[in-house]
Structure formats: C-alpha cells, structure tokens
Amino acid sequence: MTIREILIHPDDHLREVAREVTFPLSDDVKQLIQDLADTMYDAPGVGLASTQIGVPLRVAVTDILWRSEEVRHNADEPGGLRDLKVWINPEFLWKSDEMVTWEEGCLSVPEYYADVARPAAVRLRWFDAEGTRHESDFEGFQAVALQHEFDHLDGKLFIDYLSMLRRNMITKKLKKLYKS
Numbered sequence: 135m136t137i138r139e140i141l142i143h144p145d146d147h148l149r150e151v152a153r154e155v156t157f158p159l160s161d162d163v164k165q166l167i168q169d170l171a172d173t174m175y176d177a178p179g180v181g182l183a184s185t186q187i188g189v190p191l192r193v194a195v196t197d198i199l200w201r202s203e204e205v206r207h208n209a210d211e212p213g214g215l216r217d218l219k220v221w222i223n224p225e226f227l228w229k230s231d232e233m234v235t236w237e238e239g240c241l242s243v244p245e246y247y248a249d250v251a252r253p254a255a256v257r258l259r260w261f262d263a264e265g266t267r268h269e270s271d272f273e274g275f276q277a278v279a280l281q282h283e284f285d286h287l288d289g290k291l292f293i294d295y296l297s298m299l300r301r302n303m304i305t306k307k308l309k310k311l312y313k314s
C-alpha cells in the first residue's frame, strides 16, 4: 500500500493538462492506479485524479459509495462495500443542457466547499485498466463527481467555477495555511 502526497492548491502542478495514456499499460501506470486507489481511500475521498499527486496522465479513480460514512467505516469488514472504478483517457461525448447544483469539496482544496452548477447528465467514453473501451451515460451525483475529477485532468479545480473574489480568498487562505 502506497499513500502518495496530495497536492494542495495553489500548487502549479494542479494546473497541468494531463497526457493520454497508451496501451498496454506500463508497470508504472499500473502502480499509479494502485497508488491512486490507496491514496483516495486513505484520504478519504470519492475520487482522485493523477494530476492531484503530481502525475500528468489521464488517469483517475472513483468510488461513489465512499461518500457514505457508514460504507467507509465498514469497508474493511468481511462483506464491506467498495466500488472502485478506474478511468483512463476519459472524454465527454455529450453533456446535458439541464444543470444541477451540488456542494463540492476537493482533496486538493481542503476545508472549502461551494455550490457548483454542472450539467446534470453526461455521456462518457473511457478505458478501464485492462484496456477495454466503455461508453455510458451518468446522471446526478455520479455525473457531477466525474466532471469534477476529469476537470483535474484538464488543469481545472472546482473553485474555477466560483467568483474571482471567492477564488482569490480561498487561494490566499490556503497559501497562508500550507506555507512550507
């Protein structure tokens, strides 16, 4: 189990646009996927993109069940629930015109939450860790979570959807809090 450091805004690496992954997967990319999962579950979070740990590749992991405190608490018990999904080279084929607003937070923007409006439904194409191509529709929280994670692969954060004033306030506080 390898827990990687999660980069904190305003780290410049969070603004990098990730490169596509080629198949077959290298051992390094296979290890990256395992590290992403270990780090996400340890944080705990419902998703983590490779750019959040400083690796600019189009890879992310999610476990939507993980947002439930009860699921997290019982995950390591026999019969505990986990639903890890690996997303490689994801691309949106369609986004609905209908918008939905959810309160978002981010492991790279700790302690800050804000309402963000995003398309309520999406159609997505991606590859899994075995190299199988998938295409599917998602809606509700899952659609929002996927848009949030895949924004990271394009160098975007949820705070980019906020007013300049609010974004600057959060950036200033995080700089002060995480000065090294």
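Start counting the sequence shown at 135; every next residue gets the next number (my numbering).
Backbone N, C-alpha and C define an ideal beta-carbon position, used for all residues, glycine too.
Computed from a predicted structure; not experimentally measured.
Quick one: Cα of T266 to Cα of S160, how far?
15 Å
Note down, in chain order, each residue of its chain lying with its Cβ closer than 6 Å to the Cβ of A251, except the 5 sequence neighbours on either side.
Contacts found: M233 and T235.
Around the C-beta of Q165, are 16 or more other C-beta atoms found within 10 angstroms, so that it is buried, or is it exposed?
exposed
I'd like the span of the beta strand (DSSP E) that includes G181, first residue to last.
G181 to A183
Report the residue ranges of all alpha helix (DSSP H) runs contained in full by the region 221 to 298; include only those spanning at least 4 residues, in chain order.
274 to 287
Alpha carbons only, please: which of P224, L170, M135 and M174 is nearest the one belonging to D104?
Lying outside 135 to 314, the shown extent of the chain, residue 104 is not represented and no answer is given.
Please check the pair A171 and V195, which I expect to be a contact at CB under 8 Å, by giving their CB distance rounded to whole angstroms.
5 Å
Taking its Cβ as the centre, do 16 or more other Cβ atoms sit within 10 Å of E245, making it buried, or is it exposed?
exposed
Counting only the same chain and skipping the five closest in sequence on each side, list residues whose C-beta sits under 6 Å from that of F261.
I222, N223 and R267
Excluding the five sequence neighbours on either side, which residues of its own chain have a C-beta within less than 6 Å of the C-beta of D285, listed in chain order?
none
Is the distance from the Cβ of A263 to the Cβ of I167 below 8 Å?
Contact: yes.
Nearest to K310 by CA position, among D145, E283, W228 and R149, is which residue?
D145
For G179, count neighbouring C-beta atoms within 10 Å of its own C-beta (all shown protein chains included) and say buried if the count is 16 or more, exposed if not.
buried
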